[in-house]
Structure formats: structure tokens, C-alpha cells
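One point on numbering: in the UniProt record's numbering, the residue at position 291 of the sequence shown is 291, and numbering is uninterrupted. One structure is given here, and the rest of the page talks about it.
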Amino acid sequence: MAPDGFVDLTHPITCTICDWEVQDSHVEYVIECKRTLGNVSTWRIQRRYNEFYALNRTLECFGVPLSLPPKKYYGNTKERFVKERMAGLQRFLENITMSPIIYASAAVVTFLDLNQDASKDVQSLFLTALRNRRSWTLSEIWQNIGWRSNKTFAAVSWTKSGAPISKHLVSWMPLGIDCPNATIEELNEMLEVMRELSSPYINEPTEFWATRRGIGVVQPIYPDGMLRDHLYKSRADEPFFLKYGFDRQVYTLEQVDVCFIGRQLLESLLLLKSIPIPFVNVHCGNILVTDTGCELLDIQFVLCGQPSLYRPAMVRSQSVKTIQDMMVFVFGELIYELVTGFIVFPDHAPEQAISLCPVDFHPLLRSIFQPDRDKGLPSLTDVIQLPLFASIPVVRMSKKEISISARAKKLFDELAANNERRLHEDQFKLSRSRKLEEWKQFVNSEEQKIKRRKIVHLEQLKMTKDASGT
Numbered sequence: 001m002a003p004d005g006f007v008d009l010t011h012p013i014t015c016t017i018c019d020w021e022v023q024d025s026h027v028e029y030v031i032e033c034k035r036t037l038g039n040v041s042t043w044r045i046q047r048r049y050n051e052f053y054a055l056n057r058t059l060e061c062f063g064v065p066l067s068l069p070p071k072k073y074y075g076n077t078k079e080r081f082v083k084e085r086m087a088g089l090q091r092f093l094e095n096i097t098m099s100p101i102i103y104a105s106a107a108v109v110t111f112l113d114l115n116q117d118a119s120k121d122v123q124s125l126f127l128t129a130l131r132n133r134r135s136w137t138l139s140e141i142w143q144n145i146g147w148r149s150n151k152t153f154a155a156v157s158w159t160k161s162g163a164p165i166s167k168h169l170v171s172w173m174p175l176g177i178d179c180p181n182a183t184i185e186e187l188n189e190m191l192e193v194m195r196e197l198s199s200p201y202i203n204e205p206t207e208f209w210a211t212r213r214g215i216g217v218v219q220p221i222y223p224d225g226m227l228r229d230h231l232y233k234s235r236a237d238e239p240f241f242l243k244y245g246f247d248r249q250v251y252t253l254e255q256v257d258v259c260f261i262g263r264q265l266l267e268s269l270l271l272l273k274s275i276p277i278p279f280v281n282v283h284c285g286n287i288l289v290t291d292t293g294c295e296l297l298d299i300q301f302v303l304c305g306q307p308s309l310y311r312p313a314m315v316r317s318q319s320v321k322t323i324q325d326m327m328v329f330v331f332g333e334l335i336y337e338l339v340t341g342f343i344v345f346p347d348h349a350p351e352q353a354i355s356l357c358p359v360d361f362h363p364l365l366r367s368i369f370q371p372d373r374d375k376g377l378p379s380l381t382d383v384i385q386l387p388l389f390a391s392i393p394v395v396r397m398s399k400k401e402i403s404i405s406a407r408a409k410k411l412f413d414e415l416a417a418n419n420e421r422r423l424h425e426d427q428f429k430l431s432r433s434r435k436l437e438e439w440k441q442f443v444n445s446e447e448q449k450i451k452r453r454k455i456v457h458l459e460q461l462k463m464t465k466d467a468s469g470t
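Right under this line is the structure:
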């Protein structure tokens with residue numbers, strides 16, 4: 001069992017099959033699991049092949065080759081076969097732990113026992129919070145429609161005098177690792193600050209609330225879903241792996257539409273930065289397409305302090321340092337998805353990835369994913385002044401004073417500081433880990449082995465000569 005307490009679902013995980021044993025005529029594989037960043041922790045689990053097979057059935061609709069070894073009905077407890085299968089299952093584990101899209105999903109969290117009690121508790125917390133709001137009646141839980149295992153969705157009906165009036169979607173997320181040290185009253189005060197933003201490009205939900213364990217948001221059920229649903233021609237209530245699978249046809253937007261949406265989102269990010277609200281989780285799944293452009297949803301969940309899907313890539317980027325850098329980085333991820341259809345920018349092959357995009361977007365994407373080490377990432381103002389976005393017309397908002405107390409301002413600053421501090425800690429740990437790995441590879445290289453053998457040989461010759469002289 002993974003240790004209790006707040007964890008970052010996106011922290012990388014390694015899984016190694018270290019042993020096996022036969023129990024009741026079937027083989028159980030002993031798996032050592034380890035989180036390699038944050039509060040490094042190790043735990044062991046035991047799983048049968050059938051459990052691997054069931055997990056693969058859940059994940060295969062995503063269209064990623066996971067290389068699960070095939071079933072065998074006879075002789076599957078023989079040592080030679082078990083070792084061969086163990087090697088295949090090890091490759092399967094390596095594949096499912098490559099990306100947080102997969103390893104932070106409910107299916108993998110359950111399989112690997114990643115703080116499973118906390119994940120199971122989300123739904124009960126959500127239902128308890130809903131019961132305290134008598135105007136809403138639960139219709140059905142929408143299972144696994146997002147990539148996070150710890151975010152719950154349900155269709156609810158708004159009732160008046162016992163009669164259902166309209167259907168809405170309620171989302172619930174527990175407080176996480178970066179959340180500020182705030183009371184329920186303070187969290188609700190921060191939510192009220194967000195209500196006052198009054199931007200044409202930020203969606204205002206029907207209702208929201210904070211409890212000691214998490215935040216709930218109620219919004220209308222939009223029949224056409226979010227922007228990503230438009231790209232995949234999918235239904236919002238379908239499971240994440242099914243509706244956004246690699247095997248599905250995905251549509252990209254025309255350049256003029258990408259620039260139009262990009263400019264409106266930049267306006268939203270600049271407003272949030274000015275508060276400051278450290279919202280670093282912009283993606284096609286929380287953008288609503290409207291008759292006049294788009295609106296950003298779910299900004300209330302920033303108070304939960306849960307990580308973005310793109311956080312591992314930000315940790316790997318030594319140029320991402322500040323909240324503004326994070327905002328620019330996730331904006332780059334969004335633009336990349338809009339022009340290619342791929343949810344995550346492959347930072348292991350940036351030049352190849354950028355070459356897939358329209359030429360006009362190359363300078364922007366290079367400045368974000370291949371930045372000059374001395375200059376760092378561009379600011380939001382730098383990006384909005386690019387020819388791609390500068391000429392796009394936007395609604396000019398009337399100047400409005402946003403009422404924010406010193407207490408709320410301090411908590412927003414704390415939230416931002418938590419994000420930045422932990423990012424820097426993880427970047428340092430990753431850099432140190434990489435250097436250690438490079439040193440090990442250097443020490444174990446064939447060239448170094450030959451040098452060490454020569455040194456030993458020379459020392460032996462010297463000892464022999466000294467002995468002869470004596």
C-alpha cells in the first residue's frame with residue numbers, strides 16, 4: 001500500500017517484478033513500486049496474470065500498444081514459462097508507467113494500489129457534499145470521463161418543490177498537495193473572488209462550494225462537450241480512454257480559429273495572473289466553444305492544489321521557473337493539440353514534433369519547448385504581441401475593481417508559492433538523479449572498464465617488480 005497523505009498523481013512511478021510464487025495453482029508476481037520524485041516511497045503488491053489481463057482490457061481502447069504477453073491455459077506454472085512471462089509483464093508495466101495519462105487513471109491507480117483508500121474516498125465525499133445541497137438530486141455517476149483518478153463527475157437534476165427542472169453536471173475534486181493552508185471559510189472567500197472576475201472568456205458556473213476535503217462545481221451539461229470533444233467528435237459522458245483514443249480520427253482547427261481561441265485564452269490568463277490566481281491547467285478539456293469564441297472552465301479547482309497533466313514535462317524543462325512560465329507552457333501544449341490533435345507535446349523529440357505543425361506556429365512553439373537557456377520562456381505579454389495573436393479582435397472589458405481582501409490575497413500568493421517551490425524541488429531532484437545515472441553509465445562504460453583493467457595490470461606489474469627487487 002502506498003503511504004497515506006497528499007501525493008502528486010503525476011509523479012513518475014517505476015514498477016519492477018522482483019519475485020514470483022505459486023499459490024493455489026496460480027502464479028502471483030511480486031511487484032516493487034516506487035515514486036521517484038517528491039516524498040520518495042516504495043511499496044510492494046502481488047498480482048496474478050488475470051489482473052494484468054483485466055487492466056489491459058480497460059486500457060486497450062486508448063490505442064497505445066502495451067505489449068501484454070498472451071494468455072496460456074496449460075503449463076503456466078512451469079518455471080521456464082513463468083520467467084518468460086515475467087519479462088513480458090515487466091515490459092507491460094514499463095509501458096503503463098510512461099505517461100500520467102495512463103498511470104494516474106483510476107484503473108492503474110487501483111491496480112498499483114496508489115493510495116487506493118484516498119481514491120475510493122473521493123466518491124463518498126462527493127456524495128456527502130451533494131446531500132447537503134437539497135436542491136440537487138443525483139441522476140448518475142459519470143465514470144472515468146477524465147484522466148484523473150481522484151476527480152468525480154455526476155449528472156444531477158435541479159429540483160424545485162420536488163420536481164426536476166434541469167440537468168447539470170457536478171464535478172468534485174479533493175484538496176491536494178499544493179493547496180493553501182486555509183479554512184473552509186477562507187476557501188469560499190477565494191471562490192467568491194473568482195465569481196467577481198466577470199470576463200467574457202471565463203465561464204461562471206451555476207454553483208460552487210468548498211468543504212474541508214475538496215471543492216464541488218456545478219455547471220450546465222453542454223450537449224457538444226468541450227473543445228477536445230469537438231476535435232474527436234466524441235460524447236462528453238464517454239470514458240476518457242474511449243473518447244480520446246489514438247485509434248480515433250481527430251480533427252484539427254484552421255489556423256485562423258487556433259489564433260482566435262488562443263488570443264481569447266491569453267486574455268483570460270493575463271486576467272488570472274493579475275489577481276494573481278495561479279491557474280496552470282489550461283487544456284482542450286476545460287475550454288467551452290461558444291457562438292462568440294470560447295470560455296475557460298474549472299478555474300475554481302485551482303484552489304485544490306492538484307497537479308496539471310503537463311507538470312512532468314514542466315519538471316523536465318529547466319526553463320520553467322515561475323507561475324507565468326507554467327501558464328505559457330500549458331498554453332503551448334494547448335496550441336500544439338489544436339494544430340496536431342495530440343494531447344501531449346512529445347518533449348523527447350521537440351524538433352520532430354514542431355515540424356508537424358503549420359510553419360507560422362514554429363517560432364512560438366520553439367520559444368516554449370526549445371527556449372534559449374539564457375532568455376527563458378516568453379511572458380504572456382510577449383506571446384500576445386506575436387503577429388499570430390496581436391491582430392485578433394477581442395472584447396474590451398470595462399475597468400472594474402475586483403474586491404479581494406488581504407487574507408484572500410495572501411492565500412492566493414501561498415498557493416502560487418507552493419506550486420513554484422515544489423516545482424523547483426522536483427527539478428533539482430530530477431537533475432541530481434540524471435547526473436547520478438550519467439555517472440553510473442560513465443563508470444560502467446566499456447572504455448572505463450578497460451582503463452581500470454590497465455591500472456590494475458600496471459599495479460600488479462609494479463608489485464611484482466618490487467617483490468623481485470626485495
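Each residue gets a CB set at the ideal place from its N, CA and C atoms; glycine is no exception. Just so it is clear, the structure is predicted and the values come from calculations on it, not from any experiment.
About 6 Å separates the CB atoms of F246 and F62; that is less than 8 Å, so the two are in contact.
One thing to note: V193 has its Cβ within 9 Å of the Cβ of I277. Within 10 angstroms of the beta-carbon of R148 lie 16 or more other beta-carbons, which makes it buried. Under the three-state reduction of DSSP, V218 is assigned to strand. Per DSSP, the unbroken beta strand (DSSP E) holding T290 starts and ends at I287 to T290.
P174 is bridged by DSSP to G214.
In this structure, R366 keeps its C-beta atom at 9 Å or more from the C-beta atom of D347. At a Cβ-Cβ threshold of 9 Å, L130 and V82 do not count as neighbours. Taking C-beta atoms as the reference points, L227 and I261 count as a pair closer than 9 Å. In this chain, the beta strand (DSSP E) harbouring F153 covers T152 to K160. Segment contact: the segment 298–312 against the segment 228–247, fewer than three CB-CB distances shorter than 8 Å; contact not assigned. The residue from A236, V156, H230 and C294 with its alpha-carbon nearest to that of Q249 is H230.
Distance from the Cα of T292 is smallest, within the candidate group L265, A353, D382 and A406, for L265. About 18 Å separates the beta carbon of P180 from that of N150, a gap too long to meet the 8 Å contact definition. R47 has Y29 as its beta-bridge partners, per DSSP. Residue burial is scored here from C-beta neighbours: M98 has fewer than 16 other C-beta atoms within 10 angstroms and is therefore classed as exposed. Each residue's CA atom was taken as its position, placing L191 and K72 some 55 Å apart. At a Cβ-Cβ threshold of 9 Å, V339 and C357 count as neighbours.
Separation of L380 and V359 (C-alpha to C-alpha, rounded to the nearest whole angstrom) is 21 Å. Listed in chain order, the non-local C-beta contacts of I368 below 7 Å within the same chain comprise V328, F329, G332 and L377, local neighbours out to five positions each way being set aside. Under the criterion of beta carbons closer than 8 Å, S268 and L296 qualify as touching, at roughly 5 Å.
Under the three-state reduction of DSSP output, H168 falls in the strand class. Taking a contact as a CB-CB distance under 8 Å, the pair R85 and Y49 counts as one, their CB atoms being some 7 Å apart. Cβ contact annotation for L66 (same chain, cutoff 8 Å, sequence separation greater than five): N56, L59, E60, F92, N95 and I96, in chain order. With contacts defined as CB atoms closer than 9 Å, C18 and E28 fail to qualify as a contacting pair. As far as DSSP is concerned, E437 takes part in no beta bridge. Here Y232 is near Y251, since their CB atoms are less than 9 Å apart. In the DSSP assignment, S268 falls within the alpha helix (DSSP H) that extends over Q255 to S274.
Distances from the alpha-carbon of P371 to those of T42, A390, I215 and P350 put P350 closest. I404 carries a coil assignment under DSSP once its states are collapsed to helix, strand and coil. When the Cα atoms are used, I402 and E185 turn out to be separated by approximately 19 Å.
In the structure shown, E21 adopts extended strand secondary structure according to DSSP, grouped into three states.
The bridge partners DSSP lists for L138 are V156. The alpha-carbon separation between P312 and M326 amounts to approximately 12 Å.
The beta carbon of M314 sits closer than 7 Å to those of V320, M326, F329 and L423, all from its chain and outside the five residues before and after it, given in chain order. Between the C-alpha atoms of S198 and E254 there is a straight-line separation of about 29 Å.
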